[in-house]
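Peer 1:
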């Protein structure tokens, strides 16, 4: 029996950027993500074109967390994507596989809904519930200002949403910083980000690695506990701004809600995958 695997099908887009420059940014971002997710990565990333890539994982929750990190690394580049869970023997038979078919369907639908949309397809009765959660999570991000979206990475590189089975604690910060420098021309094209400076990663706190399952507060009957205070000063130093300014953006940008929602999606994906694996 052909094993079920997970595909993350991504498509990058930025209208005013040369295709070669877009391709380079995507390659660098995907390279960082695949290093961090080495424990759960199934095969090497596969380029379908200069702006479309396939990443393969053993688990659907890993693909979601990989997408979430990638869209932060690449912002302001917009990344549409799909996550598919289905039969896939090897990349040699990729195009004919159910997993690729599901991923292609979901990516087309995601692109029809606008920029930066992620959808899920396992050809299963709970897919609609999963996609409702995904769209609600993405609505929080879309409501953030340009500065708030840019600041998300500064929080993530100090206290990431992390799963021990999927991610390594050895993050390539030099490569992350190099990607930020490569993005400077893109920041310059954004009216609200023209004065945005490269993140000073030397000013960050040490990476705090805690499995998100352990951080979800068991004394609540809803998902919470994935956001911690105490990072505003470090984020301010990293971005050459004031702590008061960062505090405002952390609150008005609903950073806590975004992280709790993302953790709920991880739990739902794990639940659905377990049901399909029986």
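Residue numbers (our numbering): 6 to 283. C-beta: ideal position from N, C-alpha, C; glycine also.
Identify every run of the alpha helix (DSSP H) within the region 149 to 186, keeping only runs that are complete inside it and at least 4 residues long; order them along the chain.
Peer 2: If we require 4 residues or more, the alpha helix (DSSP H) runs fully inside the region 149 to 186 come out as 151 to 161.
Peer 1: Enumerate, from N- to C-terminal direction, the unbroken alpha helix (DSSP H) stretches of 4 or more residues contained entirely within the region 186 to 223.
Peer 2: Complete alpha helix (DSSP H) runs here, min 4: 189 to 194, 217 to 220.
Peer 1: Is residue 88 helix, strand or coil when you go by DSSP?
Peer 2: Numbered from its first residue, the chain shown carries residue 88 at position 83. In the structure shown, residue 88 sits in a strand (DSSP, three-state: E or B).
Peer 1: From which residue to which residue does the beta strand (DSSP E) around residue 226 run?
Peer 2: As a position in the chain shown, residue 226 is number 221, starting the count at 1. Segment: none, residue 226 is in no beta strand (DSSP E) and carries neither H nor E.
Peer 1: With 16 as the cutoff for other CB atoms within 10 Å, does residue 10 come out buried or exposed?
Peer 2: For the purposes of this step, residue 10 is taken as residue 5 along the chain shown, with counting starting at 1. By the neighbour-count rule (16 or more Cβ atoms within 10 Å), residue 10 is buried.
Peer 1: Apart from the five residues just before and just after residue 183, which ones in its own chain have a Cβ nearer than 8 Å to its Cβ?
Peer 2: Within the chain shown, the letter at position 178 stands for residue 183. Hits under 8 Å: 33.
Peer 1: Which partner residues does residue 126 have in the DSSP bridge list?
Peer 2: Counting from one through the chain shown, the residue named residue 126 turns up at place 121. Paired residue(s): 89.
Peer 1: Since residue 16 and residue 112 are thought to touch, with beta carbons under 8 Å apart, how far apart are those beta carbons, to the nearest angstrom?
Peer 2: Start at 1 with the first residue of the chain shown, and residue 16 comes out as number 11. Start at 1 with the first residue of the chain shown, and residue 112 comes out as number 107. 6 Å between Cβ atoms; contact.
Peer 1: May I have the straight-line CA-CA distance separating residue 215 from residue 169, to the nearest angstrom?
Peer 2: What you label residue 215 is simply residue 210 of the chain shown in a count that begins at 1. What you label residue 169 is simply residue 164 of the chain shown in a count that begins at 1. Those two C-alpha atoms are separated by around 8 Å.
Peer 1: Compute the distance between the beta-carbons of residue 267 and residue 142, then report whether it is under 8 Å.
Peer 2: Translated into positions along the chain shown, residue 267 becomes position 262. Translated into positions along the chain shown, residue 142 becomes position 137. Cβ distance < 8 Å, so residue 267 and residue 142 count as in contact.
Peer 1: How would you label residue 189, buried or exposed, when you count the other beta carbons within 10 angstroms and need 16 or more for buried?
Peer 2: Within the chain shown, residue 189 is the residue found at index 184, counting from 1. Exposed, by the Cβ-count rule.
Peer 1: Helix, strand or coil for residue 17? Go by DSSP, reduced to three states.
Peer 2: Residue mapping note: residue 17 aligns to position 12 of the chain shown, counting from 1. Looking at residue 17 - three-state DSSP - the assignment turns out to be strand.
Peer 1: Roughly how many angstroms lie between the CA atoms of residue 6 and residue 278, to the nearest whole one?
Peer 2: The residue labelled residue 6 in the question sits at position 1 within the chain shown. The residue labelled residue 278 in the question sits at position 273 within the chain shown. Reliability fails at residue 6, whose pLDDT of 49 lies under 50, so the model's placement of it is uncertain and the value that follows must be treated cautiously. If you take the alpha carbons of residue 6 and residue 278, they lie about 17 Å apart.
Peer 1: Just tell me which of 187, 86, 38 has its CA closest to the CA of residue 26.
Peer 2: If you number the chain shown from 1, residue 26 lands on position 21. Selected option, being the one with the closest Cα: 187.
Peer 1: Which one of 176, 156, 167, 38 has the shortest CA to CA distance from residue 238?
Peer 2: Locating residue 238 in the chain shown gives position 233, counting from the first residue. That would be 156, whose Cα lies nearest to the Cα of residue 238.
Peer 1: Any idea what DSSP makes of residue 11, helix, strand or coil?
Peer 2: Stepping through the chain shown from its first residue, residue 11 is reached at position 6. Strand.
Peer 1: Assuming residue 191 and residue 20 form a contact by the criterion Cβ under 8 Å, report the distance between their Cβ atoms to the nearest whole angstrom.
Peer 2: If you number the chain shown from 1, residue 191 lands on position 186. If you number the chain shown from 1, residue 20 lands on position 15. At roughly 11 Å, the Cβ-Cβ gap does not stay under 8 Å, so residue 191 and residue 20 are not in contact.
Peer 1: Could you check whether residue 56 and residue 28 sit closer than 8 Å to each other, using their CB atoms as the reference points?
Peer 2: Taking the chain shown and counting its residues from 1, one reaches residue 28 at position 23. Taking the chain shown and counting its residues from 1, one reaches residue 56 at position 51. Cβ atoms of residue 28 and residue 56: closer than 8 Å.
Peer 1: Answer yes or no: do residue 166 and residue 264 have a C-beta to C-beta separation smaller than 8 Å?
Peer 2: The count along the chain shown starts at 1 and reaches residue 166 at position 161. The count along the chain shown starts at 1 and reaches residue 264 at position 259. Result yes, Cβ atoms of residue 166 and residue 264 sit closer than 8 Å.
Peer 1: I'd like the list of long-range same chain contacts for residue 280, defined as Cβ closer than 8 Å, with 5 residues on each side in sequence excluded.
Peer 2: Residue mapping note: residue 280 aligns to position 275 of the chain shown, counting from 1. For residue 280, where only same-chain residues beyond five positions count, the Cβ hits under 8 Å are 129, 131.
Peer 1: If you follow the beta strand (DSSP E) that residue 2 is in, where does it begin and where does it stop?
Peer 2: Any property of residue 2 remains undetermined from this structure, which presents the chain solely from 6 to 283.
Peer 1: Would you call residue 260 buried or exposed, if buried means 16 or more other Cβ atoms sit within 10 Å of its Cβ?
Peer 2: Walking along the chain shown from the start, residue 260 turns up at place 255. It counts as buried.
Peer 1: Does DSSP put residue 49 in a helix, in a strand, or in coil?
Peer 2: Position 44 of the chain shown, counted from the first residue, corresponds to residue 49. Residue 49: coil per DSSP, three-state reduction.
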